[in-house]
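Before any comments, here is the structure.
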Amino acid sequence: MSPTSNLENTNSGSESAAEVNWDELGFSVVTTDYMYVMKCAKGDKFSQGSLLPYGNIEISPSAGILNYGQGIFEGLKAQRTEDGRILLFRPDENGLRMKSGADRMCMPSPSVEQFVNAVKQTVLANKRWVPPPGKGSLYIRPLLIGTGPLLGLAPAPEYTFLIYCSPVGSYHKGPLNLKVEDKLYRAISGNGGTGGIKSITNYAPVYTATTDAKANGFSDVLFLDSATGKYIEEASSSNLFVVKDNTISTPAIDGTILPGITRKSIIEYAIDLGYQVMERSISVEEMLAADEMFCTGTAVVLSSVASVTYKETRTNYKTGPETLSAKLRQTLVGVQTGCLEDKKSWTVIVS
Ligand SMILES: Cc1ncc(COP(=O)(O)O)c(C=O)c1O
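Going by full-length UniProt numbering, the sequence shown opens with residue 1, and the numbers climb by one from there.
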């Protein structure tokens, strides 16, 4: 099926003109029509951005992002509803998280209002790429990077806020089989590191562990705390929850794990459904004794964990339609896609 729109496709790449089979969307780049770009000098405030045809960007070889990794990113989705609206889910939270990441990385940041406005403009300009209801979503990727040139180790003289997007389907197919990584760590334990922000520099270091795990048939890696190696933290790009009887537990936000927006939303939905939710330290032993386990994140949505393998021993968890994970997923997806009433006013209509 080819997406239809009254927007002219000014992209020179051939991919964007390709036929999109909405039934076969995976989680990879599909080139869309427009990207949003806004620049700002060090010490200034972001003021005016614009939509440009999607395409390569020119960057100095001595740009701060290329040499010293001064950059952060965000991820959120737009969904098309049955009645033709396009919804974002809590985009202000992404804007706030970008601001706190920018502070930690010594960068200026767009205001939350500028952020949400830019996301809306990007989605509207690429409206034809929002998949039909039930077929997927438009993944939106805001970047904030130091693009000004420098040689000495210091904050870049210029910054670029850029948003691009791509239609996506499921990140994982079916329940997850996780492998506990007990030698490499994702982040330094405690408040002094950068685990709690979406710094670009937090992501490539997980590849050694994830590549090895995937080669051995696992879906993803589960990281432990770097101080003791006894407590679970998060997966490579999602937060973790364990369920025992009627209690749901998730690692506390302590500067090490990313404060996921899906995590935060699921905690509220679970409390509303009458469950007790605890944010605290969870040992590996405790996780292995749980009844159910799941991961949350914009990309993974809410995915049940079928098994966790720790030092060659595999532990299985309950999955399927009767689980609490299934119930919570239904609530979350229902609201995000406009099928369930949004009692908390978390969805934002793009128009
Ligand atoms: C390391 C990490 N943990 C957790 C999450 C989940 O966060 P969110 O629910 O805001 O997408 C992400 C994804 O952004 C992530 O990269």
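Where is the CB? At the ideal position from N, CA and C, for every residue including glycine.
Please read all numbers here as calculations on a predicted model, not as lab measurements.
Own chain, CB closer than 8 Å to isoleucine 197, minus 5 neighbours either side, in chain order: The residue you call residue 197 lines up with position 197 of the sequence shown. In the same chain as isoleucine 197, and ignoring 5 residues on each side of it, the C-beta atoms closer than 8 Å to its own belong to Ile72, Arg97, Ser100, Gly101, Arg104, Met105 and Leu258, in chain order.
For the beta strand (DSSP E) holding aspartate 220, just list the boundary residues, first then last. Your numbering for residue 220 matches position 220 in the sequence shown. Judged by DSSP secondary structure, aspartate 220 falls within the beta strand (DSSP E) whose first and last residues are 220 to 224.
Determine the direct distance from the alpha carbon of proline 131 to that of leucine 124, and round the result to whole angstroms. In the sequence shown, the residue the question calls residue 124 occupies position 124. In the sequence shown, the residue the question calls residue 131 occupies position 131. So the alpha carbons of these two residues sit roughly 13 Å apart.
Looking only at DSSP bridge pairs, what is glutamine 276 linked to? In the sequence shown, residue 276 corresponds to position 276, counting from 1. Looking at the DSSP assignment, glutamine 276 forms a beta bridge with Thr247.
Would you say serine 237 touches ligand 1, meaning its beta carbon is less than 6 Å from a heavy atom? Position 237 of the sequence shown, counted from the start, is the residue given in the question as residue 237. Placement of the Cβ of serine 237 at a distance of less than 6 Å from at least one heavy atom of ligand 1 is found.
Does the pairing of the region 202 to 216 with the region 241 to 250 give three or more beta-carbon distances under 8 Å? no
Using CA coordinates, which residue listed in Ala78, Thr309 and Gln330 is at the minimum distance from serine 303? To locate residue 303, count along the sequence shown from 1; it is residue 303. Closest by alpha carbon: Gln330.
Just the C-alpha distance for proline 53 and threonine 262, rounded to the nearest angstrom, thanks. Position 53 of the sequence shown holds residue 53. Position 262 of the sequence shown holds residue 262. Cα to Cα, proline 53 sits roughly 31 Å from threonine 262.
Would you list the residues sitting across from threonine 319 in a DSSP beta bridge? Numbered from its first residue, the sequence shown carries residue 319 at position 319. DSSP lists no partner for threonine 319.
Using the beta-carbon count (16 or more within 10 Å), is residue 435 buried or exposed? This structure cannot settle anything about residue 435, because the visible part of the chain is limited to 1 through 351.
Can you give me the Cβ contacts of glutamate 292 inside the same chain, cut-off strictly under 7 Å, excluding the 5 residues immediately before and after it? In the sequence shown, the residue the question calls residue 292 occupies position 292. So the qualifying residues of the chain are Val243, Tyr317, Lys318, Thr323, Leu324 and Ser325.
Exposed or buried, serine 12, counting other C-beta atoms within 10 Å across all chains shown (16 or more means buried)? Start at 1 with the first residue of the sequence shown, and residue 12 comes out as number 12. Interpretation of serine 12 is limited by its pLDDT of 39, a score under 50 that renders its predicted location unreliable; no figure is taken from the coordinates.
Using a C-beta cutoff of 7 Å, does valine 168 count as contacting chain C? This model lacks chain C altogether, as it is built from one protein chain only.
For the structure I just gave you, are there three or more beta carbon pairs, one from the region 179 to 196 and one from the region 222 to 242, closer than 8 Å? yes
Beta carbon of glycine 297: closer than 6 Å to some heavy atom of ligand 1? Within the sequence shown, residue 297 is the residue found at index 297, counting from 1. Between ligand 1 and the CB of glycine 297, the shortest heavy atom gap is smaller than 6 Å.
Start-end ranges of the alpha helix (DSSP H) lying completely within the region 62 to 120, minimum 4 residues: 64 to 68 and 91 to 104
Between the beta-carbon of threonine 122 and the beta-carbon of tyrosine 36, is there less than 7 Å? The residue you call residue 122 lines up with position 122 of the sequence shown. The residue you call residue 36 lines up with position 36 of the sequence shown. A contact, by the Cβ cut-off of 7 Å.
Hey, how far is the Cα of alanine 17 from the Cα of asparagine 191? In the sequence shown, residue 17 corresponds to position 17, counting from 1. In the sequence shown, residue 191 corresponds to position 191, counting from 1. Model confidence at alanine 17 stands at a pLDDT of 35, short of 50, so the residue's coordinates are unreliable; what they give is reported in the following sentence. Cα-Cα distance, rounded: 46 Å.
CA-CA distance, serine 111 and threonine 309? Against the sequence shown, residue 111 aligns to sequence position 111. Against the sequence shown, residue 309 aligns to sequence position 309. Serine 111 and threonine 309: Cα-Cα distance of roughly 42 Å.
Can you look up alanine 41 in the DSSP assignment and give me helix, strand or coil? Along the sequence shown, one-based indexing puts residue 41 at 41. Looking at alanine 41 - three-state DSSP - the assignment turns out to be strand.
Pairwise C-alpha distance: methionine 287 and valine 168: Translated into the one-based positions of the sequence shown, residue 168 becomes position 168. Translated into the one-based positions of the sequence shown, residue 287 becomes position 287. Cα to Cα, the separation comes out at about 31 Å.
Using the DSSP secondary-structure output, state which residues sit across from phenylalanine 241 in a beta bridge. If you number the sequence shown from 1, residue 241 lands on position 241. BP columns for phenylalanine 241 point to Phe294.
Lysine 286: CB within 6 Å of a non-hydrogen atom of ligand 1: Mapped onto the sequence shown, residue 286 falls at position 286. Inspection of the sequence shows that residue 286 is occupied by glutamate rather than by lysine. Not under cutoff, so the answer is no.
Using only alpha-carbon positions, find the residue among Asn177, Lys127, Met38 and Lys173 that is nearest to cysteine 165. In the sequence shown, the residue the question calls residue 165 occupies position 165. Minimum Cα distance to cysteine 165 is reached at Lys127.
Once DSSP output is grouped into helix, strand and coil, what is the label at glycine 146? Residue numbering aside, residue 146 sits at position 146 when the sequence shown is read from its first letter. Here DSSP, grouped into helix, strand and coil, assigns glycine 146 to strand.
Given 6 Å as the limit, tell me if leucine 25 has its C-beta closer than that to any heavy atom belonging to ligand 1. As a first step, residue 25 must be located in the sequence shown, where it is residue number 25. Leucine 25 Cβ: outside cutoff for every heavy atom of ligand 1.
Would you call valine 29 buried or exposed, if buried means 16 or more other Cβ atoms sit within 10 Å of its Cβ? The sequence position of residue 29 within the sequence shown is 29, counting from 1. With fewer than 16 other Cβ atoms within 10 Å, it is exposed.
Could you give the residue range of the alpha helix (DSSP H) that holds serine 325? Position 325 of the sequence shown, counted from the start, is the residue given in the question as residue 325. Element bounds for serine 325: 324 to 336.
Length of the line joining the Cα atoms of asparagine 177 and glutamate 74: Indexing the sequence shown from 1 puts residue 177 at position 177. Indexing the sequence shown from 1 puts residue 74 at position 74. Using only the alpha carbons, I get a separation of about 26 Å.
Less than 6 Å between the CB of glycine 260 and some heavy atom of ligand 1, yes or no? If you number the sequence shown from 1, residue 260 lands on position 260. Yes, since a heavy atom of ligand 1 falls inside the 6 Å radius drawn around the Cβ of glycine 260.
Distance, Cα to Cα, glycine 69 vs serine 62? Along the sequence shown, read from residue 1 onward, the residue named residue 69 stands at position 69. Along the sequence shown, read from residue 1 onward, the residue named residue 62 stands at position 62. When rounded, the distance between both Cα atoms is 11 Å.
Glycine 238 versus Pro157, Val284 and Val305, residue with shortest Cα-Cα distance: Start at 1 with the first residue of the sequence shown, and residue 238 comes out as number 238. In the sequence under discussion, the amino acid at residue 238 is serine, which differs from the glycine named in the question. Nearest option by C-alpha distance: Val305.
Should glutamate 233 be counted as a contact of ligand 1 given a C-beta to heavy atom distance under 6 Å? As a working mapping, residue 233 is identified with position 233 in the sequence shown. Remark: the shortest separation between the CB of glutamate 233 and any heavy atom of ligand 1 does not fall under 6 Å.
Check whether alanine 209 and glutamate 233 have beta carbons under 7 Å apart: Reading the sequence shown from its first residue, position 209 is the one you call residue 209. Reading the sequence shown from its first residue, position 233 is the one you call residue 233. The answer is no: Cβ separation not under 7 Å.
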